[in-house]
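Enquirer: Have a look at this one.
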Amino acid sequence: MNCQSCEKLICCPEHCCDWDNCRCKDCESCGGIGGERVKIPSSSTSARSTNTNFTDDLFSGGLRTHKKEPERSIKDIIQEQAKERLRKQQIEDNLRQAEIESKNQIERARHNEIIASSKAAVEKNKQLLESTAETIDRLRNVINGVKETEKKFKDFQDEFDRIINTGLLSCLGSFEEFTDIDKSYGIARKTTIEEIVSIISSHNSIAIITGAGVSAESGVFTYKNNSETWEIGGKKLSLQEVMNINILESNPLEFWQNIQYNRVRFASCNANKVHYALSDFIQYYNNIGRKASLITQNIDGLDRKILGKNPNLYEIHGNTHEMRCKLNCCEIIFPCPPLNDMIATVPMCPKCGGLARPNVLLYGEGYTEEWYRAETASEVVKSADVLIIIGTQSKCGFPAQRIREFIKSRKHIIEINVEPVIEFGNTYVLPRSCGEVVPQFVKAIKSKVKK
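For the sequence shown, UniProt numbering gives the first residue as 1, with consecutive numbering after it.
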């Protein structure tokens with residue numbers, strides 16, 4: 001009989017003869033139920049003859065006989081089924097093989113496309129590398145030319161600086177070298193806070209020059225009294241010797257590491273009562289219509305921390321927290337590297353990529369208006385009625401020259417130093433700590449001088 005589901009020829013595996021009620025003649029291929037009866041060979045005792053093409057047509061009024069198909073044995077049926085399975089299996093295998101081959105062709109095409117693209121990229125990169133190599137060669141030639149020009153300019157600059165510095169030293173040397181100043185201009189005398197207040201309050205224009213003694217009140221180290229050394233190039237140098245333009249040029253990394261080390265120490269210190277008192281005085285005196293300026297030689301930035309970028313504050317030695325291009329490619333002042341950066345490489349100019357330098361006056365350099373407003377500060381002091389010197393030994397050219405000018409003009413000089421250094425002129429000295437004196441006279445002046 002035929003399977004009603006897949007139409008394959010099947011037979012009863014039990015060879016029973018009850019075809020109408022047989023439950024063992026289901027299709028072994030798909031599990032479907034058999035339909036038409038198949039003749040079971042007569043050799044089987046349990047089989048009965050079946051004519052699959054014989055039908056009693058009750059509606060036709062009689063019997064109708066059809067041709068009988070040749071009888072087939074179970075073996076023939078099973079073999080046909082096996083052949084049919086093999087044929088279908090072969091078709092399925094061919095389909096799978098065709099699908100695999102199609103995928104392989106697609107993959108091969110894709111692979112060939114990738115290889116072609118890669119070859120094109122390699123060729124393009126090769127051309128780019130060749131072009132880059134040519135550009136590098138040209139740049140090397142340019143750099144060599146620039147280095148040669150820079151060396152010639154450096155030689156000229158060194159010679160020029162030597163001549164200029166020689167002239168400055170002869171004109172602006174330290175206070176101790178002014179042989180033309182003597183007691184004929186008067187002799188310095190001790191004073192009191194009350195007398196200082198009286199002198200200041202009776203004049204409209206005051207200039208104040210401060211030095212390391214003010215920062216020392218905050219615990220900031222001073223270069224003069226510091227015994228620390230820094231090893232550079234196999235030599236032990238003092239901190240003051242490290243702060244030299246020659247060290248920056250010959251050993252820039254070690255120089256910058258020293259700068260960063262000092263900056264960290266500066267950052268650990270806070271402004272003290274002298275900073276606050278002077279800031280209060282500068283702002284108050286200018287607000288009531290008078291003139292007061294602060295010229296500091298300190299590079300720790302503590303004065304600016306309190307006063308901010310006040311036009312009446314002059315950092316004539318610069319600020320160690322700022323840097324600029326050493327080649328002067330621009331007039332921009334940049335912030336120094338973060339304090340937590342240990343500086344493994346030399347800081348470079350953000351603008352041109354050249355060597356950067358701290359925006360401070362180094363030993364071996366001169367004052368400039370461009371970076372330190374030195375000329376403007378000089379004019380401010382010259383136009384002042386009273387010059388107040390606080391916490392400085394006046395060894396540098398700027399304060400020494402300004403003191404010399406004031407002595408010769410016989411204008412008032414007030415010096416607040418534990419160890420006063422000014423001997424001549426119309427000078428009033430108070431040999432006490434600035435931390436003790438400054439807050440007192442500022443408070444007294446604010447209560448005495450009104451708008």
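Every residue, glycine too, gets a C-beta built ideally from N, C-alpha and C.
Here the structure is a predicted model, which means the values were calculated and not measured.
Can you check whether the CB of Asn-270 is closer than 8 Å to the CB of Gly-211?
Expert: Numbered from 1 along the sequence shown, position 211 holds the residue referred to as residue 211. Numbered from 1 along the sequence shown, position 270 holds the residue referred to as residue 270. Cβ distance not < 8 Å, so Gly-211 and Asn-270 don't count as in contact.
Enquirer: Applying the 10 Å Cβ sphere with the 16-neighbour rule, what's the burial state of Cys-349?
Expert: As a working note, residue 349 is residue 349 in the sequence shown. By the 10 Å Cβ count, Cys-349 comes out buried.
Enquirer: Mind checking Ile-136: buried by the 16 CB within 10 Å criterion, or exposed?
Expert: One-based indexing of the sequence shown puts residue 136 at position 136. Exposed, because fewer than 16 other Cβ atoms sit within 10 Å of the Cβ of Ile-136.
Enquirer: Just to confirm my understanding: we take Ala-216, look at its own chain, exclude 5 residues before and 5 after, and list those with CB closer than 8 Å. What are they?
Expert: Taking the sequence shown and counting its residues from 1, the one referred to as residue 216 is at position 216. The residues are Thr-222 and Gly-391.
Enquirer: Taking buried to mean at least 16 other C-beta atoms within 10 Å of its own C-beta, is Met-243 buried or exposed?
Expert: Position 243 of the sequence shown, counting from 1, holds the residue named residue 243. Buried, since its Cβ has 16 or more Cβ neighbours within 10 Å.
Enquirer: I need the straight-line Cα distance from Ile-295 to His-412, nearest angstrom please.
Expert: For the purposes of this step, residue 295 is taken as residue 295 along the sequence shown, with counting starting at 1. For the purposes of this step, residue 412 is taken as residue 412 along the sequence shown, with counting starting at 1. Roughly 17 Å separates the two Cα atoms.
Enquirer: Would you report the Cα separation of Ser-255 and Cys-329, rounded to the nearest angstrom?
Expert: Your numbering for residue 255 matches position 255 in the sequence shown. Your numbering for residue 329 matches position 329 in the sequence shown. Correcting the residue identity first, residue 255 is Phe in this sequence and not Ser. Cα to Cα, the separation comes out at about 21 Å.
Enquirer: Report the three-state DSSP secondary structure of Ala-292 (helix, strand or coil).
Expert: Indexing the sequence shown from 1 puts residue 292 at position 292. Reduced to three states, the DSSP call for Ala-292 is strand.
Enquirer: Taking Val-214 and Cys-434 to be in contact with their CB atoms under 8 Å, please state how far apart those CB atoms are, rounded to whole angstroms.
Expert: On the sequence shown, position 214 is the one that residue 214 refers to. On the sequence shown, position 434 is the one that residue 434 refers to. Rounded, the Cβ-Cβ distance is 6 Å, consistent with contact.
Enquirer: For Asn-104, which of helix, strand or coil comes out of DSSP?
Expert: Here the question's residue 104 lines up with position 104 in the sequence shown. Helix at Asn-104.
Enquirer: Can you give, in chain order, each stretch of the beta strand (DSSP E) that sits fully within the segment 206 to 232 and has at least 3 residues?
Expert: The qualifying runs are 229 to 232.
Enquirer: Below 7 Å CB to CB, which residues in the same chain sit around Lys-103 once its five sequence neighbours on both sides are set aside?
Expert: Indexing the sequence shown from 1 puts residue 103 at position 103. There are no such residues.
Enquirer: Three or more C-beta pairs under 8 Å: does that hold for the segment 423 to 432 against the segment 185 to 202?
Expert: Because the criterion of three Cβ pairs below 8 Å is met, the segment 423 to 432 and the segment 185 to 202 touch.
Enquirer: Buried or exposed for Asp-300, please, with buried defined as at least 16 other CB atoms from any protein chain shown within 10 angstroms of its CB.
Expert: Working through the sequence shown from its first residue, we reach residue 300 at position 300. With 16 or more other Cβ atoms within 10 Å, it is buried.
Enquirer: Touching or not, the segment 333 to 348 and the segment 379 to 387, by the rule of three or more beta carbon pairs under 8 Å?
Expert: The segment 333 to 348 vs the segment 379 to 387: no contact.
Enquirer: Hey, how far is the Cα of Lys-389 from the Cα of Asn-417?
Expert: Residue 389 sits at position 389 when you count from the first residue of the sequence shown. Residue 417 sits at position 417 when you count from the first residue of the sequence shown. Note that residue 389 is Ile in the sequence shown, not Lys. Whole-angstrom Cα-Cα distance: 8 Å.
Enquirer: Among Asn-141, Tyr-314, Trp-371 and Val-197, which residue has its Cα nearest to the Cα of Val-437?
Expert: Residue 437 sits at position 437 when you count from the first residue of the sequence shown. Out of Asn-141, Tyr-314, Trp-371 and Val-197, Val-197 has the C-alpha closest to the C-alpha of Val-437.
Enquirer: Taking Cβ to Cβ, would you say Pro-439 is nearer than 8 Å to Lys-305?
Expert: As a working note, residue 439 is residue 439 in the sequence shown. As a working note, residue 305 is residue 305 in the sequence shown. No, these two residues do not count as a Cβ contact at 8 Å.
Enquirer: Since Asp-303 and His-275 are thought to touch, with beta carbons under 8 Å apart, how far apart are those beta carbons, to the nearest angstrom?
Expert: Sequence index remark: in the sequence shown, residue 303 carries index 303 (1-based). Sequence index remark: in the sequence shown, residue 275 carries index 275 (1-based). 6 Å between Cβ atoms; contact.
Enquirer: What residues are listed by DSSP as bridge partners for Leu-237?
Expert: Along the sequence shown, one-based indexing puts residue 237 at 237. Bridge partners of Leu-237: Trp-230.
Enquirer: Given a cut-off of 8 Å, decide if Leu-248 and Leu-339 are closer than it, judged by their beta-carbon atoms.
Expert: By 1-based counting over the sequence shown, the position of residue 339 is 339. By 1-based counting over the sequence shown, the position of residue 248 is 248. Contact flag unset, no.
Enquirer: For the ligand MG, is there any heavy atom lying closer than 7 Å to the beta carbon of Glu-228?
Expert: Annotation note on the ligand MG: not contained in the displayed structure, which lists no ligands.
Enquirer: Can you give me the C-alpha to C-alpha distance between Arg-110 and Glu-92, rounded to a whole angstrom?
Expert: As a position in the sequence shown, residue 110 is number 110, starting the count at 1. As a position in the sequence shown, residue 92 is number 92, starting the count at 1. If you take the alpha carbons of Arg-110 and Glu-92, they lie about 27 Å apart.
Enquirer: Ignore the nearest five residues each way along the sequence and tell me which others in Phe-441's own chain have a CB closer than 8 Å to its CB.
Expert: Counting from one through the sequence shown, the residue named residue 441 turns up at place 441. Ile-193, Ile-196, Val-197 and Ile-200.
Enquirer: Taking just the CA atoms, how far does Gln-257 sit from Ile-343?
Expert: Here the question's residue 343 lines up with position 343 in the sequence shown. Here the question's residue 257 lines up with position 257 in the sequence shown. Their backbone Cα atoms lie some 6 Å apart in a straight line.
Enquirer: Expressed to the nearest angstrom, what Euclidean distance is found between the alpha-carbon atoms of Leu-307 and Gln-283?
Expert: To locate residue 307, count along the sequence shown from 1; it is residue 307. To locate residue 283, count along the sequence shown from 1; it is residue 283. Rounded to whole angstroms, Leu-307 to Gln-283 spans 9 Å at the Cα level.
Enquirer: Report the three-state DSSP secondary structure of Asp-98 (helix, strand or coil).
Expert: By 1-based counting over the sequence shown, the position of residue 98 is 98. The amino acid at residue 98 is misidentified as Asp; the sequence shows Ala. Ala-98: helix per DSSP, three-state reduction.
Enquirer: Within 10 angstroms of its Cβ, does Arg-263 collect 16 or more other Cβ (buried), or is it exposed?
Expert: The sequence position of residue 263 within the sequence shown is 263, counting from 1. Classification of Arg-263: buried, given that the 10 Å Cβ count is 16 or more.
Enquirer: Please tell me whether Ala-356 and Cys-396 are closer than 8 Å, where the distance is taken between their beta carbons.
Expert: On the sequence shown, residue 356 is found 356 positions in, with the first residue counted as 1. On the sequence shown, residue 396 is found 396 positions in, with the first residue counted as 1. No.
Enquirer: How far does the beta strand (DSSP E) with Ala-356 in it extend, from its first residue to its last?
Expert: Along the sequence shown, one-based indexing puts residue 356 at 356. Where Ala-356 is concerned, the enclosing beta strand (DSSP E) stretches over 356 to 360.
Enquirer: To the nearest angstrom, report how far apart Gly-289 and Glu-369 are at their CA atoms.
Expert: As a first step, residue 289 must be located in the sequence shown, where it is residue number 289. As a first step, residue 369 must be located in the sequence shown, where it is residue number 369. Cα to Cα, Gly-289 sits roughly 27 Å from Glu-369.
Enquirer: Can you say whether Asn-426 is buried or exposed, counting buried as having 16 or more other CB atoms within 10 angstroms of its CB?
Expert: Sequence index remark: in the sequence shown, residue 426 carries index 426 (1-based). Per the 10 Å Cβ criterion, buried.
Enquirer: For the beta strand (DSSP E) that Arg-324 lies in, which residues bound it at each end?
Expert: Along the sequence shown, one-based indexing puts residue 324 at 324. Where Arg-324 is concerned, the enclosing beta strand (DSSP E) stretches over 318 to 325.
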